[in-house]
Each structure stands twice: as structure tokens, then as C-alpha cells.
Amino acid sequence: MPQRHLPANWIHHRMLPLAAGLCSSALAAVLAWVVIDISHTKARTEIAAQAQGHLLQIRDRLDRQLQSTLSVPETVAAFLAAQGSMSPDIFATVVGRLLEHQRNIRNLALAPDNVISDVYPRIGNERALGLRYLDNPQQRGAVERAIQTRRTVVAGPIPLVQGGLGIISRTPVFLAHAPGKVPLDGPQYWGIVSLTVNADTLFSDVGLNTEQMGFQIAARGLDATGSQGAVFIGRPQLFDQSPATLEVPLPGGGSWTLGAVPTGGWDAAGRAPALVVMLSYAFALIVGLLSARLVRAHQLVLGLATHDRLTGLPNRRLLEDRLSQAMLAAHRDRRPGALLLVDLDGFKAVNDDLGHASGDQVLVRAAQRLAGLARASDTAARLGGDEFVLVLNVVESADAAMDAARRVITALMSPIGLDNGQHVMIGASVGVALFEGQAVEALPALMDRADRALYVSKRSGKGVATLAEAASATDMSSGSAAVPGHPRVQR
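Here the working numbering is used: the first residue of the sequence shown is 1034, the next is one more, and so on.
Written as C-alpha cells, this is what we have:
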């Protein structure tokens, strides 16, 4: 089987499938990355919504607990506002009943004129008796704010002497009138009802822990200062990680700010599994490989339609396209080109004596030699059988075209080695037709002129090149006899 040869521009044919495969892989990889990124973003959005929902649940539970807890000092303040005072026995009885089911409350104190006069439970809190709020810098600010706003003010959480965190509320008491006296023009300030809440148990009851349900939790806003306050639960750095946040309004104004981030951070949240990423990029690679094979298959089909299967040279179909372009370029640039029609001499004898396999080898070797004479802008083609064509896109003159024909004849006269070690001799006859730049000649007319010139060469003997007359002439002139062993040129 003779060796199949690719066209002279085979490098472009090889690079095109590679380029197509790389581009397809790149596009598929980008598409996979975009899909993964969109999926990641969507997952992060969903996780952020889950975090927000989780914080809402915590806030609702915390709000209910605070309302329930702070209702105790509000009840005591209402009793005082109505009665004007409360005896120690009544205080112990009333507060004891109120605190029966309030496990988060540490103590409750009465401070008429801002001085603690009674505390429940008394045991363990005796040292608080006689404490003057306005003389204590740590207590004074919250008390004054409660008096000014006439509302309960929440402070803390703060570390307690007994250990743990405590939340302290200050509820101001205003009397409508002094008992036994004429009603005053406005409410009369009586003092403060102070409540200390065990923050640790309160936060545990509402689920305000540092980590739960796949989220890290933190809270800030010490002394109801909101998002500008210090962090009292969790890591302070959490608020630098773009957390989901939620405000918790507190009685008396101010708030706490809750924050939540996924346990592994936002980058890991919703990230596609490594296997999915690997499969996506493997898919991109497969797309590239399939694209390369598809382009290569298309090239092979296109090559079969435009190139000779045996020699790899352009066939008649592609030749006509190339020749038409060369003729148009010659007309545009006002310069001549040449068509060399080549017929192998002695090929039939080789084919008959040595067989078709040897004949095919001769055709392949002849095609290689002819293609080797073609410049980058020229086209070497096979018409069929033992007929070949060389299109010279640019020639300086008729003499230059005939010189090229002589080189073709000389190249094909050299012995041709076969695969079996034999050498055969063939020759070539050439018909040369110039296509001028002054006018566009019809392609069939140009081919006919070259064919008639080749006919003259064949009649004159082997190794002869004949130049066809100009397109306007109707007769062909003949030249001199050939020199034995050398190509002859006729004009």
C-alpha cells in the first residue's frame, strides 16, 4: 500500500484540531466554573437566609424571655406606684411569688431615693444593702438614664462577683401622688427597682451559644450600644467575616446585635464537593477531546473532497478554486501568472510492467517532486491518472514560466526508487499557459490553452515544454527539435 502524504500546509491541519480542542476545553471549563460559582453563590445565599432565620428564632426566644423576666420589676414598680411603699414582709412575699418560676433571676432590689433598702433573696446579698447608686460610677449612668427616660433600662451583660455574666435592669418608680397628701401636678420620683438576671442561663435557654446548627454565633452591644458596642458572646473577629446580623431591641432603648457565620466560613459554605469539581473539569477535557476529533474528522472529510487520496495534492475541485483566485489576483495586481499542465512520459509502461502498486509509488514520488518545486504561493495539484498541474501565482515573464517548466521536466527525469529496491525512469511533457493581468480570462479557456500546448508537447516527443499562445490568438506556433537527454522548450 503506498504511503499517504499530507498537503504542503499540513501543519495548519494538525494545529486546527488542537486549537479547537483547547478552545472547547477552555470554554467548557469556564462554563463549568461559572455554573459552579453560580451554584456556590446560590448556596451561600440560601445559607445566609438560614443564618438569618436562625437568628430570628434566637431573637424571638430572647425577646419572650426578656419580656417575661422584666415583667417582674415592672409588676413591683406598679405596686409601689400605687401603694407608695412596700414593707419588708410584703416585699419578700410578693417578690418570692413572682420569682417562683423565674430561674434566670438572681436578685431583685428596692432603692428608694436611689439607695438600696431591701433585696430578695436577702441571703447572700446583704452587702448590697445601703448601696447608693448615684455615688457608684458603674451604676450611676444607667440609673440616670432610667430616670430621664422614665423607662426600664438594661445594662450589661457584665461579669458578676459571684461568677458568670449578669444583665441588670433599672426600672424607675414614679408616684402619682404622695399617700395621704394632695395630688401633685406631676408624677413624683420614688426610686429604682433593680433586677439582676443570670445571663448565662438566659442565653442558654434561648439557644444563644457560640456554635450550633452549623453556625458560629456572636453578640455585641454591651450596655445596649448595638453594633458599635463590645462583643460579649463569641469571637470578636466573627463580625469581620460579613456575618448575617440581626438587631435585638431592648427596653429603654438601645439594642444588641447578633451575628452568625457558617462554622467553616463563607468560602466553604455551599462549596461544590471536590468530586463534582473534578467531574466538571473532566467533562471539559472530554469536550475538548471530542471537539478536536470532530474537527479532525471534518478535515479528513474535507480533505477527501478537496485533495487527492493517493498523493495528498489538491484535486481538480480545489485546483479550480485556487486557480480562479490566482487569476483574479493577477488581474487585480496587473501582473502575469502561469499554468503548467504536466503529463508523465513512460508511466503507462511502468504501470503495466510492474503493477499498479509500483505505479502508485511512482505517482506519489512524482507528486512529492512537483510539490517540492512549488513556492508558498503556488499550487501543485493532481488532475487524475498521470496528469498534474503547477499553478505559478506570480511569474516575471514567459521566459520565467518556461524556466519553471524546464525544472519540472528535469526533476521528473531523475530515477525514481521503489519500495522493492528497483529504480524506474519516467519523463514529463508540459503545456504552459500564461494568464495576463490586463483581463480576466475564463477558466475553461485557460485550461484549454494549456491542454493544447501539452498536446503539442506530446506530439513533439518526450521531455518537451510548449508555451501556449496568448488568449487572443487561435493558432499555436511550434519550435525547434529537442536535444537528446535534455528538455526541449517550444514557443
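Using N, Cα and C, we set each Cβ at its ideal position, and we do this for glycine too.
Item to check | DSSP-derived helix/strand/coil call for His1087 | outcome: helix
Item to check | Simplified DSSP assignment, three categories, for Gln1221 | outcome: strand
Checklist entry - Taking the continuous alpha helix (DSSP H) assigned at Gln1401, which residues delimit it? => result His1389 to Leu1406
Checklist entry - Between the beta-carbon of Ser1202 and the beta-carbon of Leu1089, is there less than 7 angstroms? => result no
Item to check | Alpha-carbon to alpha-carbon, Ser1072 and Pro1106 | outcome: 51 angstroms
Checklist entry - By how many angstroms is the C-alpha of Ala1359 removed from the C-alpha of Asn1426? => result 5 angstroms
Item to check | Reduced DSSP secondary structure (H/G/I, E/B, other) of Gln1249 | outcome: strand
Checklist entry - What residues are listed by DSSP as bridge partners for Glu1450? => result The residue you asked about is not Glu; residue 1450 is Gly in the sequence shown. BP columns for Gly1450 point to His1456.
Next on the checklist: Looking at Ala1325: is its Cβ nearer than 7 angstroms to the Cβ of Ala1053?
Outcome noted: yes
Next on the checklist: Let me confirm a value: Arg1165 is counted as buried when at least 16 other C-beta atoms fall within 10 Å, else exposed. Which label applies?
Outcome noted: exposed
Next on the checklist: Just to confirm, is the Cβ distance from Val1428 to Ala1371 under 7 angstroms?
Outcome noted: yes
Checklist entry - Apart from the five residues just before and just after Arg1440, which ones in its own chain have a Cβ nearer than 8 angstroms to its Cβ? => result Leu1406
Checklist entry - To which residues of the same chain is Leu1051 closer than 7 angstroms at the C-beta, ignoring the five residues directly before and after it? => result Ala1325
Item to check | Host alpha helix (DSSP H) of Val1497 (start-end) | outcome: Premise fails: Val1497 lies in the beta strand (DSSP E), Val1497 to Leu1500, not in any alpha helix (DSSP H).
Item to check | Host beta strand (DSSP E) of Thr1204 (start-end) | outcome: Leu1198 to Leu1208
Next on the checklist: Classify Asn1169: buried if its beta carbon has 16 or more other beta carbons within 10 angstroms, exposed otherwise.
Outcome noted: exposed
Next on the checklist: If you reduce the DSSP assignment to three classes, tell me which class Thr1108 lands in.
Outcome noted: helix
Item to check | Enclosing beta strand (DSSP E) for Leu1377 [first to last residue] | outcome: Gly1370 to Asp1378
Next on the checklist: In this structure, how does DSSP classify Gly1267 when only helix, strand and coil are distinguished?
Outcome noted: coil
Checklist entry - Between the region 1478-1492 and the region 1444-1451, are three or more C-beta pairs nearer than 8 angstroms? => result no
Checklist entry - Nearest CA to the CA of Thr1108: which residue from Gln1085, Val1465, Arg1094 and Leu1132? => result Leu1132
Next on the checklist: Let's test the definition: count the other Cβ atoms within 10 Å of the Cβ of Leu1354 and tell me whether it reaches 16, buried, or not, exposed.
Outcome noted: For the record, residue 1354 in the displayed sequence is Asp; it is not Leu. Exposed, since its Cβ has fewer than 16 Cβ neighbours within 10 Å.
Next on the checklist: For a test of the three-state rule: what should DSSP assign to Trp1289, helix, strand or coil?
Outcome noted: strand
Next on the checklist: Please list the terminal residues of the continuous beta strand (DSSP E) segment that includes Glu1280.
Outcome noted: Ala1277 to Pro1282
Checklist entry - Quick one, are the C-beta atoms of Ser1288 and Gly1254 less than 7 angstroms apart? => result yes
Checklist entry - By the 10 Å Cβ neighbour count, where 16 or more other Cβ atoms means buried, how is His1389 classified, buried or exposed? => result exposed
Item to check | Buried versus exposed call for His1087 [16 or more other C-beta atoms within 10 Å across all chains shown] | outcome: buried
Item to check | Local Cβ density within 10 Å of Ser1513, reported as buried at 16 or more and exposed below that | outcome: Any reading at Ser1513 is ruled out, since the residue's pLDDT is 29, under 50, leaving its predicted position unreliable.
Item to check | Assumed close pair Ala1065, Ala1317 - CB separation to whole angstroms, cut-off 8 angstroms | outcome: 5 angstroms
Checklist entry - Would you call the CB atoms of Leu1143 and Val1128 closer than 7 angstroms? => result no
Checklist entry - Taking contact to mean at least 3 C-beta pairs separated by less than 8 angstroms, is the region 1459-1477 in contact with the region 1431-1438? => result yes
Item to check | Residue of Pro1190, Ser1118, Ala1414 and Val1310 minimising C-alpha distance to Ala1257 | outcome: Pro1190
Checklist entry - Mind checking whether Leu1271 and Leu1279 have CB atoms under 7 angstroms apart? => result no
Checklist entry - Under 7 angstroms between the Cβ atoms of Leu1346 and Ala1400? => result yes
Item to check | Cβ-Cβ distance between Val1230 and Ile1200 below 7 angstroms | outcome: yes
Checklist entry - DSSP puts Phe1468 in a beta bridge; with which residues? => result Gly1370
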